[in-house]
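K.L.:
Residue numbers (my numbering), protein chains in the order written: chain A, 1492 to 1747; chain B, 96 to 399.
Think of the CB as a built atom: it goes at the ideal place given N, C-alpha and C, for glycine as much as any other residue.
One structure, as structure tokens, below. Some questions next.
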């Protein structure tokens, strides 16, 4: 518990001092939640002299639902990339730069270290996602009309996104403990995240993969149904598995 | 206090430690000396729980290190050769962070900073510290919660002469406080000054483990260096005839007298020198320094 507390505080300090919060804010909140709806609204006005009328019309006909779906899509793409690149060195850098020498030589508990890192960023990312969704809803509600979007729907989608991000964070954490270079962990997670989306076309398999959470989050009006039960179960199991594997790895790894 | 039995460590096919064994007594300063790549840091990293080992047994404070690692590490302080920190933190924040892990009281941190002379720089980011300052901060970390055993890996290597002297004085002080110190160093003069026991390691093997006083006795050289007032050429033949003299080497007004029995020679030499016509300015037994012994041991190991 002592190691957990110490590392949790250290992660907060590190995220502040090394601008990780700022990077995550830009990737998860600013770009998809603030910039995206403004661009969707302003783009047709700015481009009306340059684009064919049909294309401009496509933008003008956007409802609140489609604007929110656009936000979710940006969150998946930009948010994922930013998260993977900002947090890829979560464990790898600690090991490679020998920053764990003192804590380990003074009896720090590897489980406490891993859990502190995971829980800190799981909370941060979930919180950022919630803020992003609410800000986005605020803009969409004022800039667009039509559709059935409500705060409840926004919260339902956000909940699925939070679980998806937390699942990928656990994979990233494990890969970061596995590779000496954080970049390898970051790129592997990105390849994994984007390639798994392909399986969303296959009804039988997709419900057992975390990327189905992304698919269902955009299914406005029908977000929560029974098809999510295996997906949510698998996602929670994956989180537990990868966090456990990370702890195991950190217990066995040579620090110096 | 520390007992190492048949410790082995491999890095792939390379045998870094070839079944080494030694014992460190409580309250002693154990000098662990060897060339670069001899296996000093590997041994230290194993004994501080940072890396695994492939064979053998470690007993610290009478307990199996593998089975009681977390508990034993709480009574161990480690100063690595190149300490690394979170550069965005300042010294106070870092000590507080480590203190939280080991349950060290925050109120004692300022005393610790004072001890390592970092009070003025305690609010400065560690990234801006010099190597010597980092070394001193590392020392503060190692000293937190008064460890019973201290592992010091080249503690003076990054320090200026003044810092080095302070470090040695500190180690001597710790000796009085009955803290067991495991000191790895290249600077043999330092080892000579503070260590009770010396262990020489080379190519992953222990070549020698001996108390320093016993070591000097065992490796004393049977040579007397004598200096005369004038060139003693004519007198040398008289000395050569003595049956306890093995050989004489001349160098101007100085001669080196190689003897067969050092104890017998000690009794006889003054008598014989007083019989000569040439005045003797000085004479002394050539003492082996730790460096001489080290070089001889390493040399033998290379022949083997």
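Please report the residue range of the alpha helix (DSSP H) in which residue 271 (chain B) lies.
P.N.:
Note, residue 271 (chain B): alpha helix (DSSP H), 256-271.
K.L.:
In angstroms, rounded to a whole number, what distance separates the CA positions of residue 1719 (chain A) and residue 1710 (chain A)?
P.N.:
Taking the straight line joining both Cα atoms gives about 12 Å.
K.L.:
Name the chain B residues whose beta carbon is nearer than 7 Å to that of residue 1508 (chain A)?
P.N.:
Those within 7 Å of residue 1508 (chain A) in chain B are 183.
K.L.:
With a Cβ-Cβ cutoff of 7 Å, do residue 321 (chain B) and residue 350 (chain B) count as a contact?
P.N.:
Yes, the pair counts as a contact, with Cβ atoms nearer than the cut-off.
K.L.:
Does residue 1601 (chain A) have its Cβ less than 7 Å from a Cβ in chain B?
P.N.:
It does not: the Cβ of residue 1601 (chain A) has no partner Cβ on chain B nearer than 7 Å.
K.L.:
So for residue 114 (chain B), helix, strand or coil by DSSP?
P.N.:
Residue state, collapsed to three classes: strand.
K.L.:
Exposed or buried, residue 1544 (chain A), counting other C-beta atoms within 10 Å across all chains shown (16 or more means buried)?
P.N.:
Answer is exposed; the Cβ neighbour count stays below 16.
K.L.:
Exposed or buried, what is residue 356 (chain B) when buried is set at 16 or more other beta-carbons lying within 10 Å of its beta-carbon?
P.N.:
The residue is exposed, with fewer than 16 neighbouring Cβ atoms inside 10 Å.
K.L.:
My assumption, with CB atoms under 8 Å, is that residue 1677 (chain A) sits in contact with residue 1576 (chain A). Please give the rounded CB distance.
P.N.:
Confirmed, Cβ separation roughly 5 Å.
K.L.:
In angstroms, rounded to a whole number, what distance separates the CA positions of residue 352 (chain B) and residue 284 (chain B)?
P.N.:
Their backbone Cα atoms lie some 27 Å apart in a straight line.
K.L.:
Would a check of beta-carbon distances place residue 1518 (chain A) closer than 7 Å to chain B?
P.N.:
Cβ-Cβ to chain B under 7 Å: no for residue 1518 (chain A).
K.L.:
Output the boundary residues of the beta strand (DSSP E) element that contains residue 126 (chain B).
P.N.:
Its beta strand (DSSP E) spans residues 124-129.
K.L.:
Using the C-alpha atoms, what's the distance from residue 226 (chain B) back to residue 261 (chain B)?
P.N.:
Cα-Cα distance, rounded: 16 Å.
K.L.:
Which one of A:1526, A:1746, A:1599 and A:1569 has the shortest CA to CA distance from residue 1656 (chain A)?
P.N.:
Of the listed residues, the one whose Cα sits closest to residue 1656 (chain A) is A:1569.
K.L.:
Closest by CA to residue 1644 (chain A), which one among A:1634, A:1513 and A:1627?
P.N.:
Selected option, being the one with the closest Cα: A:1627.
K.L.:
Would you list the one or two residues that DSSP bridges to residue 306 (chain B)?
P.N.:
Residue 306 (chain B) is bridged to B:292.
K.L.:
Using a Cβ-Cβ cut-off of less than 8 Å, list which residues of the stretch 190-208 of chain B approach chain A; keep chain order.
P.N.:
Going along the stretch 190-208 of chain B in chain order, one finds 192, 193, 195, 196, 197 and 198 with a Cβ nearer than 8 Å to chain A.
K.L.:
Where does the unbroken alpha helix (DSSP H) through residue 1658 (chain A) begin, and where does it stop?
P.N.:
1642-1669 is the span of the alpha helix (DSSP H), which, as asked, contains residue 1658 (chain A).
K.L.:
Is the beta carbon of residue 127 (chain B) less than 7 Å from the beta carbon of residue 279 (chain B)?
P.N.:
Yes. Within cutoff.
K.L.:
Using a C-beta to C-beta distance shorter than 7 Å, which residues of chain A count as neighbours of residue 408 (chain B)?
P.N.:
Coverage of chain B is limited to positions 96 through 399, which leaves residue 408 (chain B) absent and any answer about it impossible.
K.L.:
Closer than 7 Å by beta-carbon distance: list the chain A residues that pair up with residue 143 (chain B), in chain order.
P.N.:
Residues of chain A passing the Cβ test: 1596.
K.L.:
Which complete beta strand (DSSP E) runs does the stretch 120-184 of chain B hold, if anything under 3 residues is left out?
P.N.:
Segments of the beta strand (DSSP E) lying fully in the stretch 120-184 of chain B: 124-129, 150-155 and 171-174.
K.L.:
Please tell me whether residue 211 (chain B) has its Cβ less than 7 Å away from any Cβ of chain A.
P.N.:
Not closer than 7 Å to any Cβ of chain A, the Cβ of residue 211 (chain B) fails to qualify, so no.
K.L.:
Of all the alpha helix (DSSP H) runs that stay within the bounds of the stretch 1689-1731 of chain A, which reach a length of 4 or more residues?
P.N.:
The qualifying runs are 1694-1697 and 1702-1708.
K.L.:
Residues of chain B with CB under 8 Å from residue 1590 (chain A), in chain order?
P.N.:
Those within 8 Å of residue 1590 (chain A) in chain B are 179, 180 and 181.
K.L.:
Between which two residues does the beta strand (DSSP E) harbouring residue 1638 (chain A) extend?
P.N.:
Neither: residue 1638 (chain A) is in no beta strand (DSSP E) and is coded neither H nor E.
K.L.:
Is any non-hydrogen atom of the ligand NAD found closer than 6 Å to the C-beta of residue 1580 (chain A), if you look at the structure I gave you?
P.N.:
You won't find the ligand NAD in this model; it holds no ligand whatsoever.
K.L.:
Would you kindly report the start and end of the unbroken beta strand (DSSP E) that includes residue 351 (chain B)?
P.N.:
That run of the beta strand (DSSP E) goes 349-354.
K.L.:
Sort A:1697, A:1660 and A:1723 by Cα distance to residue 1579 (chain A) and report the nearest one.
P.N.:
Out of A:1697, A:1660 and A:1723, A:1660 has the C-alpha closest to the C-alpha of residue 1579 (chain A).
K.L.:
Locate the alpha helix (DSSP H) running through residue 194 (chain B), then write down its first and last residues.
P.N.:
First-last of the alpha helix (DSSP H) with residue 194 (chain B): 186-197.
K.L.:
How many Å lie between residue 61 (chain B) and residue 288 (chain B) at the Cα?
P.N.:
Because chain B in this structure spans residues 96 to 399, residue 61 (chain B) falls outside the shown range and cannot be described.
K.L.:
Can you name the residues of chain B whose CB is closer than 8 Å to the CB of residue 1505 (chain A)?
P.N.:
The answer, in chain order, is 181 and 183.
K.L.:
Using three-state DSSP, classify residue 1512 (chain A) as helix, strand or coil.
P.N.:
Reduced to three states, the DSSP call for residue 1512 (chain A) is helix.
K.L.:
DSSP on residue 245 (chain B), reduced to helix/strand/coil?
P.N.:
Residue 245 (chain B): strand per DSSP, three-state reduction.
K.L.:
Cutting at 8 Å between CB atoms, please list the residues of its own chain near residue 168 (chain B), excluding the five before and the five after it.
P.N.:
Counting only Cβ-Cβ distances below 8 Å, and skipping sequence neighbours, we find 143 and 144.
K.L.:
Using the Cα positions of residue 1624 (chain A) and residue 1649 (chain A), report the straight-line distance between them to the nearest angstrom.
P.N.:
Distance between the alpha carbons of residue 1624 (chain A) and residue 1649 (chain A) is about 7 Å.
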